[in-house]
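*Asks:*
What follows is the structure, encoded as structure tokens:
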């Protein structure tokens, strides 16, 4: 397949993007650099929900996600004096978030302290899909597929992805980032992002297919999921 | 998601490759051509279509995930945490600084700083009232020069035309090879040192100038400041400052009406023309007053023109005979005035018949009126005629290079007179006082 880029994109690639003009959040960050504390608070308000929503799927527990979000904002603030508008603000912020989350995950795995059970806070818990499937196989009544359970199933499906796939999916789905921006955020090539997303979405399809068809599948086995999908 | 993605290097086989293509399609990362190709395939491939829908539906399911907004306490607590962190860092930096070797260094630095501050405070108190004078000394010393100077261009023209004689030229005609006024470079002293070398009277004069300047309109203050700055930056800075000083001196030799007229002239050329006209009148006056046997008035103009040509022809020859040091001294004069200065300097050491030989004398007679020729004919002999002719030439030269007399010059001259004569001038009205003193001054000058 020949390499082909649309002409407008080719032209725009030759011109450096002035992010301070095109991205209002970059303009805000530049004000933070100049010592405007109100601008930092505004940036926090704009991004805190989005950031925590992503982090909640990367580390166990809503509280830890909030702690990491605070760490991310603190790093943003600490870096204010040397900040250069070389990318969209969201790309920069999620690059920091990716690093912070990776560090946290590494520490957790070193300490063998990974808790995958639901937290008492009531937020979306991350539970192995197998457990959920077991619960759904008869131990739980039909109402388990009420809205919360649906969310748990989807969260569990996301949780079943590896860390990099998960991050790529979250940035693509919730931050609507392009492959290039995801690549920049995660420090990967665009080709690697494409591959990550392709495998991640195929896996999500496999895991969620029974639910999409029947509202419930008795088995999380991917082969069976595939069979089911083919038979339908 | 407008960014298209290069799928040409996709090496994944079969279904996996198709999924990769379908995902890129759903994400809007395919080029137009790739998109059309895939859509062609989708219309004829139900299995591929099913896979696409599966991908899309599973992707859409992610929207069911709840997003729980964080409460305001998160923002507040994060900001408080950042403030605390900043405070801790500042504190830890301070603690690091208070380790004992650092403490010693800080104490030493503080001691030095205290000593420096004490010195600065003491100096501030010492210089207090003079601070403003020191700061503006370079400007204040020259501030009055700019009152009547319209522009640098005007000074440049005065210089180029040699329109004004300079004070030093009055004495320069006396220069001999063994009595050369050395041209030395002034050592640039700091404003504070210059001020400390000044007398109380001079300092007071500076303060008066400063007050006078501050009473000017802001626009005029800016104009004079700019002129000063431009002059400082000018390649001929030193020369033009001298011209400005001579111009200021010269203005004091003309009356108020003439000064006012000069100020109202609209452009530099007219101002220069005016200066040259007044200057010609002054030369003529000098010529009339200083001449031993006055040349008839109608002869002054033509005779001056003749002298100009006469001295120019000789000055070059004279100049070639001088040593470099003397030549350097002559070179300080403007090109216009230089020949007159050189002629006067050489005339005292050169036999009269060589200065003005017979052909030159005949040539001179051609421009003179009958009345002037008669005056010459009244002389006893040829030698006396030549002497008188040379006196006229010398006076014409002096008229060119002598600056006009200011009131201050006349006051200084008055002080040299016997007390009895001084009293006589005290009884005169101002214009008579000036006229009579000028006459006496030139008479004495001629005698000396």
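Chains as they are written, first to last, in the working numbering: chain R, 67 to 298; chain S, 130 to 577. All C-beta atoms, glycine included, are put in the ideal place defined by N, C-alpha and C.
Got a sec, what are the start and stop residues for the alpha helix (DSSP H) residue 529 of chain S sits in?
*Replies:* Counting from 1 along the second chain, the entry for residue 529 of chain S is found at position 400. Note, residue 529 of chain S: alpha helix (DSSP H), 511–530.
*Asks:* For residue 470 of chain S and residue 530 of chain S, which I take to be in contact (beta-carbon distance under 8 Å), what is that distance rounded to the nearest angstrom?
*Replies:* Against the second chain, residue 470 of chain S aligns to sequence position 341. Against the second chain, residue 530 of chain S aligns to sequence position 401. Rounded, the Cβ-Cβ distance is 6 Å, consistent with contact.
*Asks:* In angstroms with no decimal places, state the Cα-to-Cα distance between residue 270 of chain S and residue 395 of chain S.
*Replies:* The count along the second chain starts at 1 and reaches residue 270 of chain S at position 141. The count along the second chain starts at 1 and reaches residue 395 of chain S at position 266. Looking at the two C-alpha atoms, the distance is approximately 28 Å.
*Asks:* Any beta-carbon of chain R closer than 8 Å to the one on residue 153 of chain S?
*Replies:* Here residue 153 of chain S refers to the residue found at position 24 of the second chain. Yes - at least one Cβ of chain R is within 8 Å of the one on residue 153 of chain S.
*Asks:* Assuming residue 226 of chain R and residue 152 of chain S form a contact by the criterion Cβ under 8 Å, report the distance between their Cβ atoms to the nearest whole angstrom.
*Replies:* Position 160 of the first chain, counted from the first residue, corresponds to residue 226 of chain R. Position 23 of the second chain, counted from the first residue, corresponds to residue 152 of chain S. At roughly 17 Å, the Cβ-Cβ gap does not stay under 8 Å, so residue 226 of chain R and residue 152 of chain S are not in contact.
*Asks:* For chain C, is any of its Cβ atoms less than 8 Å away from the one on residue 148 of chain S?
*Replies:* Considering every chain present, this structure includes no chain C. Its protein chains are R and S.
*Asks:* DSSP state of residue 116 of chain R, grouped into three classes?
*Replies:* Here residue 116 of chain R refers to the residue found at position 50 of the first chain. The answer is helix: DSSP assigns residue 116 of chain R an H, G or I state.
*Asks:* Only counting runs of 3 or more residues, tell me where the beta strand (DSSP E) segments fall wholly within the segment 114–171 of chain R, in order along the chain.
*Replies:* Runs found: none.
*Asks:* Which residue comes first and which comes last in the alpha helix (DSSP H) that contains residue 84 of chain R?
*Replies:* Residue numbering aside, residue 84 of chain R sits at position 18 when the first chain is read from its first letter. Premise fails: residue 84 of chain R is in no alpha helix (DSSP H) and is neither H nor E.
*Asks:* Run through the segment 140–189 of chain S for me and flag every whole beta strand (DSSP E) of 3 or more residues, listed as ranges in chain order.
*Replies:* The segment 140–189 of chain S contains no whole beta strand (DSSP E) run of 3 or more residues.
*Asks:* Contact defined as beta carbons within less than 8 Å: I believe residue 519 of chain S pairs with residue 481 of chain S. What is the distance between those atoms, to the nearest angstrom?
*Replies:* On the second chain, position 390 is the one that residue 519 of chain S refers to. On the second chain, position 352 is the one that residue 481 of chain S refers to. Confirmed, about 6 Å.
*Asks:* Starting from the beta carbon of residue 249 of chain R, find every residue of chain S whose beta carbon is closer than 8 Å, and list them in chain order.
*Replies:* Residue 249 of chain R sits at position 183 when you count from the first residue of the first chain. Within 8 Å Cβ-Cβ: nothing; residue 249 of chain R doesn't reach chain S, min ~10 Å.
*Asks:* With three or more beta-carbon pairs closer than 8 Å as the criterion, would you say the segment 116–129 of chain R touches the segment 210–220 of chain S?
*Replies:* They do not touch, by the three-pair rule.
*Asks:* Residue 216 of chain S touches chain R at which residues, Cβ-Cβ below 7 Å?
*Replies:* Within the second chain, residue 216 of chain S is the residue found at index 87, counting from 1. Residues of chain R passing the Cβ test: none, with the nearest at roughly 13 Å.
*Asks:* For the segment 184–209 of chain S, which residues have a beta carbon sitting closer than 7 Å to at least one beta carbon of chain R?
*Replies:* Those would be 184, 186, 187, 188, 190, 191, 193, 194, 195, 196, 197, 198, 199, 203, 204, 207, 208, in chain order.
*Asks:* With residue 459 of chain S and residue 448 of chain S assumed to form a contact (beta carbons below 8 Å), what rounded beta-carbon distance in angstroms separates them?
*Replies:* Position 330 of the second chain, counted from the start, is the residue given in the question as residue 459 of chain S. Position 319 of the second chain, counted from the start, is the residue given in the question as residue 448 of chain S. At roughly 7 Å, the Cβ-Cβ gap stays under 8 Å, so residue 459 of chain S and residue 448 of chain S are in contact.
*Asks:* Given that a residue counts as buried once 16 or more other Cβ atoms are within 10 Å of its Cβ, and exposed if not, what is residue 235 of chain S?
*Replies:* Mapped onto the second chain, residue 235 of chain S falls at position 106. By the 10 Å Cβ count, residue 235 of chain S comes out exposed.
*Asks:* Cutting at 6 Å between CB atoms, please list the residues of its own chain near residue 433 of chain S, excluding the five before and the five after it.
*Replies:* Counting from 1 along the second chain, the entry for residue 433 of chain S is found at position 304. Counting only Cβ-Cβ distances below 6 Å, and skipping sequence neighbours, we find 525.
*Asks:* Against residue 143 of chain R, what residues of chain S qualify as contacts under a CB-to-CB distance less than 7 Å, listed in chain order?
*Replies:* Locating residue 143 of chain R in the first chain gives position 77, counting from the first residue. Result: 211.
*Asks:* Three-state secondary structure (DSSP) at residue 478 of chain S?
*Replies:* By one-based count along the second chain, residue 478 of chain S stands at place 349. Of the three classes helix, strand and coil, the one that applies to residue 478 of chain S here is coil, per DSSP.
*Asks:* Residue 154 of chain R touches chain S at which residues, Cβ-Cβ below 7 Å?
*Replies:* Residue numbering aside, residue 154 of chain R sits at position 88 when the first chain is read from its first letter. Those do not exist, as residue 154 of chain R stays about 12 Å from chain S at its closest Cβ, beyond 7 Å.
*Asks:* What in chain S is Cβ-close to residue 268 of chain R, meaning under 7 Å?
*Replies:* Mapped onto the first chain, residue 268 of chain R falls at position 202. Those are 148, listed as they occur along chain S.
*Asks:* Do you know whose CA, among S:200, S:203, S:218, S:201, lies nearest residue 144 of chain R's CA?
*Replies:* Mapped onto the first chain, residue 144 of chain R falls at position 78. That would be S:218, whose Cα lies nearest to the Cα of residue 144 of chain R.
*Asks:* Would the segment 93–105 of chain R and the segment 113–121 of chain R be scored as touching if the rule is three or more Cβ pairs under 8 Å?
*Replies:* The answer is no - the segment 113–121 of chain R does not touch the segment 93–105 of chain R, with fewer than three Cβ pairs under 8 Å.
*Asks:* Report the neighbours of residue 158 of chain S on chain R: residues whose CB is nearer than 8 Å to its CB, in chain order.
*Replies:* Numbered from its first residue, the second chain carries residue 158 of chain S at position 29. Near residue 158 of chain S (Cβ distances below 8 Å), the residues of chain R are 244, 245, 260.
*Asks:* Taking only the alpha-carbon atoms, compute the straight-line gap between residue 412 of chain S and residue 340 of chain S and give it to the nearest angstrom.
*Replies:* Residue numbering aside, residue 412 of chain S sits at position 283 when the second chain is read from its first letter. Residue numbering aside, residue 340 of chain S sits at position 211 when the second chain is read from its first letter. Between residue 412 of chain S and residue 340 of chain S, the C-alpha separation is close to 37 Å.
*Asks:* Would DSSP call residue 271 of chain R helix, strand or coil?
*Replies:* As a first step, residue 271 of chain R must be located in the first chain, where it is residue number 205. Three-state DSSP puts residue 271 of chain R in a helix.
*Asks:* May I have a chain-ordered list of the alpha helix (DSSP H) segments no shorter than 4 residues that lie completely inside the segment 420–444 of chain S?
*Replies:* Counting only runs of 4 or more, we get nothing.
*Asks:* If residue 187 of chain S sits next to residue 140 of chain R, beta carbons under 8 Å apart, how far is it from one beta carbon to the other, in whole angstroms?
*Replies:* Translated into positions along the second chain, residue 187 of chain S becomes position 58. Translated into positions along the first chain, residue 140 of chain R becomes position 74. That belief does not hold up - the Cβ atoms of residue 187 of chain S and residue 140 of chain R are roughly 36 Å apart, past 8 Å.
*Asks:* In terms of residue numbering, what span does the alpha helix (DSSP H) encompassing residue 557 of chain S cover?
*Replies:* Numbered from its first residue, the second chain carries residue 557 of chain S at position 428. Run containing residue 557 of chain S: none; DSSP gives neither H nor E here.
*Asks:* According to a CB-to-CB cut-off of less than 7 Å, which residues of the segment 108–126 of chain R neighbour chain S?
*Replies:* For the segment 108–126 of chain R, which is checked against every Cβ of chain S, the residues closer than 7 Å are 110, 111, 114, 115, 118, 119.
*Asks:* For residue 208 of chain S, name the three-state secondary structure that DSSP assigns.
*Replies:* Locating residue 208 of chain S in the second chain gives position 79, where the first residue counts as 1. Helix at residue 208 of chain S.
*Asks:* My output table needs one value for residue 383 of chain S: the three-state DSSP class, helix, strand or coil.
*Replies:* The sequence position of residue 383 of chain S within the second chain is 254, counting from 1. Correct three-state label for residue 383 of chain S: coil.
*Asks:* Compute the Euclidean distance between the alpha carbons of residue 275 of chain S and residue 533 of chain S, then round it to the nearest angstrom.
*Replies:* Within the second chain, residue 275 of chain S is the residue found at index 146, counting from 1. Within the second chain, residue 533 of chain S is the residue found at index 404, counting from 1. Rounded to the nearest angstrom, the two C-alpha atoms are 20 Å apart.
*Asks:* Taking the C-alpha atoms as reference points, what is the distance between residue 242 of chain S and residue 230 of chain S?
*Replies:* The count along the second chain starts at 1 and reaches residue 242 of chain S at position 113. The count along the second chain starts at 1 and reaches residue 230 of chain S at position 101. Computed Cα separation, rounded: 18 Å.
*Asks:* Would you call the CB atoms of residue 284 of chain S and residue 369 of chain S closer than 8 Å?
*Replies:* As a working note, residue 284 of chain S is residue 155 in the second chain. As a working note, residue 369 of chain S is residue 240 in the second chain. Contact: yes.
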